[in-house]
Every structure is written in structure tokens, then in C-alpha cells.
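Protein sequence lines correspond, in order, to chains A and B. Counting along the first sequence from 1, when you hit position 4 you're at 4 in the working numbering, and nothing is skipped either side. Position in the second sequence (first residue = 1) + 1000 = the working numbering. For each residue, glycine too, the CB sits at the ideal point set by N, CA and C. Data first, discussion second: the structure below is written as C-alpha cells.
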Amino acid sequence: MNVLGEAFRAALASLNAHRLRSFLTTLGILIGTMAVIAVVSVLQGFSESISSQFSDLGSNTLTLEAVNEQENFRSGQINTLSFADVEVLRYKVSGISRVAPIISTPLRGASYKGRNATPQVLGATEESQYVLNVDASVGRYITSSDDKGGRRVVVIGTEVRDELKMPENPVGEFLLLGNEWFRVVGLLEKRGEIFGFSQDNRVIIPFSVARSLTGIFDRTFMEVSFTVTDLTQIAQVRERAIRAVRTNRRIAPGKDDDFEIKAADSFVKQFEQITATATAVLAGIVGISLLVGGIGIMNIMLVSVTERTREIGILKALGATRRDILVQFLLEAALLSLLGGIIGIVLGLLAGMGIASLIPNFPPAHVPVWIMLAAAGFSALVGVVFGIAPASKAAGLDPIEALRYE
Amino acid sequence: MIELRGIVKRYVLGEETVLALAGVDLHIGRNEYVALIGPSGSGKSTLMNLLGCLDSPSEGHYILNGRDTSSLSEDELAAVRNREIGFVFQSFHLLPRQTALQNVMQPLVYRRMLPAERRKLAIEALTKVGLGDRLDHRPNQLSGGQRQRVAVARALVGQPSILLADEPTGNLDSRTSAEIMALFDALHAQGQTVIVVTHEPDIAAHCRRTIRVFDGRIVEDTQNPARAA
């Protein structure tokens, strides 16, 4: 420790003696680290905000939906889920709780006191609260008794309220959806936008009501979300559900499913995959820039060793072993690139924040601490790796020759 | 204390082999004050490098304090240099960016000594050479004589068996040369073994024993009449 401390001090002193040169030497590392931190901070900030918006969809939630090829739309033979499919999930597949069918009704148009809006009208049960992760900020959500009783009640999004110029607290007001009057029982919490699509321009009515209303239309767009009680069993439950639904839909063995059971967080996963790929590509580019930076360090360190040949000779005459010299020069190289790395991290953070604040509506930059630590550690490692050649050159010098060096 | 037996040193220069030392036998005892003289190319420097454990002989044995150093590894030699040898060089060879105190502390770093202890010993050594008030000066803030005193303090700080000085006054004017030699005389008087490599008869005259090297051999080994202190 003592020797290391001494080598550390010597390394700092030597870097300090050539400040400008040290700075220029480490510039490659500095710029490389700065680039990675800037881009990662922007990317991570973006990814963070996406993930937090989607994290409401629990990872133990699966969603069953019908699959339609392009061909089906052309021919009009559109697959939809049937209510029997819901029943199958609810009663015939074990390991499932909270089966929440959600009907995306074809109802368009909501009216209130002569004003019109076009929210998305969803029919859902009480359980959907957990699947959609919505709650009423005022009033209440759809309850199972609403559903059983077929009550004409509705929970509305804030945007719908604002568009229809309903009172701040719209509970108790009546709303015309299609040709039916619904009593507002709750106001959904404000959700904001995901990718520019408002999450607040929707209204939710009891599932049974939606079902009876859409009976008059020929198509029902429905998806069924359900939660798996034991997360570790998710794959098996999914398999069982697929088999049960196939049986119910009378799909002959060997024929493709006309439905799909997706993990609700698959979108998030996909997104994370994209960011991971982007990060990997970035890491590669940064790797190259750090490589170049490392070569710069090696170059200057070799020059420095030559310059300090006599100094090394003196140290050897005083009793420094090969290892003492090696450690001192390695430490110097590591410190040099670590300093570059640290300055790069700080500048990168500032750059990231700058970029994020320049783009309107962009989430704030965010860099996980481990990325910063990794960047600092990696830059130090680059210093050590590229310091090996100069340091072993220094350590291997013959003391007599070195002392004679002018 | 120093025992050289049949020391031969060859250098290979390209295709030529140069015989720098052609069989040297030498005994130097504790508290001797020896001048090593000879023209350049005589093998004097090679002998000094061997005595200082900067180099190993091609043949023969160098027994230092009862230990044969001829077959030691490079790092073992470094340890011997650190403990047994105190070097003083013609051009001082101080570390330019370090203060006098740091320069003197440097050999003790390689003894894995604690900083406080290093500092204490280094201050003692600098005080002994009369530079107790120049601890924080850098070499470029010191005169030639002062620099050489720092170098002597650095050589002495580890209490080496041998103080090995290579042309210690070569870069100094006659007045400072006399000061440095007076310092050596005093150290010898205190019991330090001193070997001075020189080509100046004046300097050699300070020593009690003169060893003349020529053509890789010791050609003369004489005791000088004791000087009046």
C-alpha cells in the first residue's frame, strides 16, 4: 500500500509536470467516454420513460387476441375472439386469475350538451383495472355489479371530459354514447401520451353492456388479458391456454393458430431489445475510439519513458525493482486515461442533458450509475492495457545504460 | 567486507567481445577509504558498476558482507543496491521534480518503510550534510555543491555498507570540491566505508588507499600516508 501510494503520488506528479501533454494524450479517451455517456444518457432517458409508462402492464399478464392476415381484411373473413374463448380461459385453464376481456367497441361518438367527442369506447370488467392499470381519480371504476346488472354507467378519461366541457368533477353527469345514455360514475387518472397517442381519450363501460351493444354490429374486437398466478409457470400456462383456445375454436391439428397469446410487456421487451442493440453498436464504436485513445496513450508513454530513461536509471540505482518501475508507469497510464474518462463522463452528462433539453417533449437524460462506473473502469483498464508496453520497456531498462543516457 | 575473486567481465559489442576486466582480485575492509583511479577505458567504470551491484561479473565471485552476489537475479541485486550501496554520481542524478527531502526519502520507499519514518531519517541525513534548512528546495533551486550534498544525503540515508562515489567532484568548482571531499573525510572518520572513483590525483590524495586500474587489471594498490585531520 505504501509503495502503491508512493507510485500514485509519483504518477500524479509526473502528469502534473506535463499538464498540457497529459491532457492532449488523454483527449482520445475523453472524447470517447464523453460520446458514450452523452448517447447513453439520452437513450436511457428515453428508454426509462418508455419502460415506466409500460411497467403498469405487469410482467405476469398475458393477452389473448385474434390474428388476422392481410388477406382476411381483403376478404372480410375477419377473425375475432368469441365470448366462449373468454369462458374457456376463465374456467378451463388452471393457473389463471383476473381474466379481463376488453371489447374495443365500434361505438364512435360521445355527446354531452350538444358537444361531441370521439373517444375510444372500451367495454371491460372490474378486473381490467389491473390489466390496463387504470384507476378512477374521482368517483369509482366499473364494478362487477355494474357488469352483472348491465348498468349504463361509464368511467371517462380526462381528455373526454375536457373536450365535452363537462364539469371538473363529471360524476353524475349523463353522456350519450351511440344511442344510449350513460351515467358518469368516475374519472380516470390522467395518463398522458405514449408515442403521441393520448391515453386519456377513452371511456370504459361495463363489459356486459358493451357486449349487448356490440351485438348489433357484426364484428366484435375483443382481447382478453389475464394474469398468471405463478410467474414461474407463465410458459406452461400459456401453452395450456393455447391448447384450450384451439380446442374451443375447433382448429384442426396441424393448422396454424388464428389467435395469439402475447406477454403484455412484449412491447417493452421489444423496445428494450432495440435500445440494447443500439447500445451494443454504440459500445462497438466507443470501443474503437477508446482503442485509438489507448494507442495515443501508449505512444506518449513510450516517448515519456525514453525521456525519463535517466530518471529510471536513478531509481534502479537506488534499489527500485522491475516491479516498482512497472507499477509506477502502469499507474501513470491508468491514471491518465482514468482522468480522461472522468472528465469525459462529466462532459458527456452535460452534453446529454443539453441534447435532451433541446428536443421538445424529450424525456430528461438519465445515466445509470453502473454505466458511469463501467465507463470510468473501462477507461482505466484501457490505460493499464496500453500502459503495459511502455511500462515494461521502462522496467526492463539496464540501469547502467539508463544512467548514462543523456 | 568486499571480496572480489577472479572477476572477469566481458562485453559483446556486435561481433567483437571486449574484455573489460581480466581477472580482478580485491579485498576492501570495513571503514576503508579507497580511491579507484585509472584512465578512461581502463575498466575502472566496469569495476565500479560491479562493486555497486549494477552489473554482474561474467566470471568470478563478488562476496559482499559474506554473501556471494555473483549469481543474484536482477531484483535481488536491486535489493542489495538499496541496502548496501549508497551511490553518489558525477552529475548528481537527483530527481528534478522532487524536493531535496523527497529525493532523500526515495531509496527508503523501496524498503517499504512508512512515510513518517522515511521523513525522519531523510531529515536526519540532510541535516548531517548541512542542508537541514533546504528540505523543500528542488534541485534547480540549489547550487551544484548543495545538489551533491543532497545526493550524499540520499546515499547515506539507508545506512549502506559502502558509499560509492563516481567522480563526485567532476562537475564542481575547486572550492565546492573541497567541501564535498571534506564531507567524505568526515564520513570516513565516523566509520563509513568510502570508495571514490576519480581521475584527479588531488581527490585520490584524500583517500587512505589508492587502487589503480589499467587494461582490466589492478596494477597498483598502495596505502597513502595518513593525512592530518
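Assuming Leu1108(B) contacts Val1157(B) (C-beta within less than 8 Å), just tell me the rounded distance between them.
-> Between Leu1108(B) and Val1157(B) a beta carbon distance of about 6 Å is seen, short of the 8 Å cut, so the two are scored as contacting.
Are the beta-carbon atoms of Ala276(A) and Val42(A) separated by less than 8 Å?
-> In this structure, the beta-carbon distance from Ala276(A) to Val42(A) does not fall below 8 Å.
Exposed or buried, what is Tyr1110(B) when buried is set at 16 or more other beta-carbons lying within 10 Å of its beta-carbon?
-> With 16 or more Cβ atoms within 10 Å of its Cβ, Tyr1110(B) is classed as buried.
Chain A residues whose Cβ lies nearer than 7 Å to that of Asn1082(B) | Residues of chain A with a Cβ closer than 7 Å to the Cβ of Asn1082(B) are, in chain order, Leu318, Gly319.
Have a look at Ala1229(B) and Ile1211(B) and give me their C-alpha separation to the nearest angstrom.
-> Because Ala1229(B) sits at a pLDDT of 43, beneath the cut-off of 50, its placement in the model cannot be relied upon, and the following sentence gives the value as read from the coordinates. Near 22 Å, if we compare the C-alpha coordinates of Ile1211(B) and Ala1229(B).
CA-to-CA distance, Ser1143(B) to Ala1174(B), given in whole angstroms | It should be noted that the sequence gives Ser, not Ala, for residue 1174(B). Cα atoms of Ser1174(B) and Ser1143(B): separation of roughly 14 Å, rounded to the nearest angstrom.
Using the beta-carbon of each residue, which ones in chain B are nearer than 7 Å to Pro399(A)?
-> Within 7 Å Cβ-Cβ: Leu1054.
Pick from Lys165(A), Gly139(A), Lys148(A) that is closest to Arg183(A), judged by C-alpha positions | Selected option, being the one with the closest Cα: Gly139(A).
Inter-residue Cα distance where the pair is Ser145(A) and Thr247(A) = Here the alpha carbon of Ser145(A) sits roughly 31 Å from the alpha carbon of Thr247(A).
Give me the Cα-Cα distance between Gly1086(B) and Arg1138(B), rounded to the nearest whole angstrom.
-> About 21 Å.
Near-chain B residues of the segment 7–22 of chain A - C-beta to any C-beta below 8 Å | Answer set for the segment 7–22 of chain A: Ala13, Ser14, Ala17.
What three-state label does DSSP hand Glu260(A) in the structure shown?
-> Three-state result, Glu260(A): strand.
State the start and end residues of the unbroken beta strand (DSSP E) segment that holds Gln951(B).
-> For residue 951(B) there is no data in the structure shown, the boundaries of chain B being 1001 and 1229.
Report the three-state DSSP secondary structure of Asp1173(B) (helix, strand or coil).
-> It is coil, neither helix nor strand.
Taking all protein chains shown into account, do 16 or more other C-beta atoms lie within 10 angstroms of the C-beta of Tyr1011(B), making it buried, or fewer, making it exposed?
-> With fewer than 16 Cβ atoms within 10 Å of its Cβ, Tyr1011(B) is classed as exposed.
In three-state terms, what does DSSP make of Ala1229(B)?
-> Interpretation of Ala1229(B) is limited by its pLDDT of 43, a score under 50 that renders its predicted location unreliable; no figure is taken from the coordinates.
Compute the distance between the beta-carbons of Val1196(B) and Leu1054(B), then report whether it is under 8 Å.
-> No, Cβ-Cβ distance for Val1196(B) and Leu1054(B) is not below 8 Å.
Cβ-based burial, Arg432(A) [other Cβ within 10 Å; buried from 16] = Here chain A comprises residues numbered 1 to 406, so residue 432(A) is not present and cannot be evaluated.
Reducing DSSP to helix, strand and coil, say where Asp230(A) ends up.
-> The three-state reading of DSSP puts Asp230(A) in coil, since its state is none of H, G, I, E or B.
When the cut-off is 8 Å and only beta carbons count, does Tyr1110(B) lie next to chain A?
-> By this cut-off, Tyr1110(B) is an interface position.
Below 8 Å between beta carbons: does that hold for Gly1191(B) and Asn1031(B)?
-> Taking a C-beta distance under 8 Å as the contact criterion, Gly1191(B) and Asn1031(B) qualify as a contact pair.
Determine the contact status of Glu69(A) and Val134(A), defining contact as a CB-CB distance below 8 Å.
-> Not closer than 8 Å, so no.
Local Cβ density within 10 Å of Asp1136(B), reported as buried at 16 or more and exposed below that = Exposed, by the Cβ-count rule.
Name the residues in the segment 1197–1225 of chain B whose C-beta lies less than 8 Å from a C-beta of chain A; which are they?
-> If the cut-off is 8 Å between Cβ atoms, the segment 1197–1225 of chain B has nothing near chain A.
Would you list the residues sitting across from His1027(B) in a DSSP beta bridge?
-> Checking the DSSP bridge columns, you'll see His1027(B) partnered with Glu1003(B).
Proximity to Val67(A) [Cα-Cα], best of Leu302(A), Ser75(A), Leu81(A) | Ranking the options by Cα distance to Val67(A), first place goes to Leu81(A).
Would you please verify whether the beta carbon of Arg1149(B) is less than 8 Å from any beta carbon of chain A?
-> In terms of beta-carbon proximity, Arg1149(B) stays away from the interface with chain A, with every pair separated by 8 Å or more.
Taking only runs that begin and end inside the segment 1023–1077 of chain B, name each unbroken alpha helix (DSSP H) of 4 or more residues, in chain order.
-> Counting only runs of 4 or more, we get 1044–1051.
Chain B contacts made by the segment 328–358 of chain A, where a contact means CB separation under 7 Å | Listed by position along the chain: nothing, the set is empty.
Throw me the rounded Cβ distance for the Met222(A) and Ile102(A) pair, which I believe falls under 8 Å.
-> Going by Cβ atoms, the distance from Met222(A) to Ile102(A) rounds to 7 Å, so yes, they are a contact pair.
With 16 other Cβ atoms within 10 Å as the buried cut-off, status of Gly1216(B) = It is buried - the Cβ of Gly1216(B) has at least 16 other Cβ atoms within 10 Å.
How would you list, in chain order, the residues of chain B whose beta-carbon sits under 7 Å from the beta-carbon of Leu326(A)?
-> What Leu326(A) touches in chain B: nothing, since even the nearest Cβ is about 11 Å away.
Which residues, in chain order, does the segment 1119–1137 of chain B contribute to contact with chain A at a C-beta distance below 7 Å?
-> So nothing in the stretch comes that close.
Compute every distance between the C-beta of Arg1010(B) and the non-hydrogen atoms of the ligand FAD, then say whether any falls below 7 Å.
-> The ligand FAD is not part of the structure shown, which contains no ligands of any sort.
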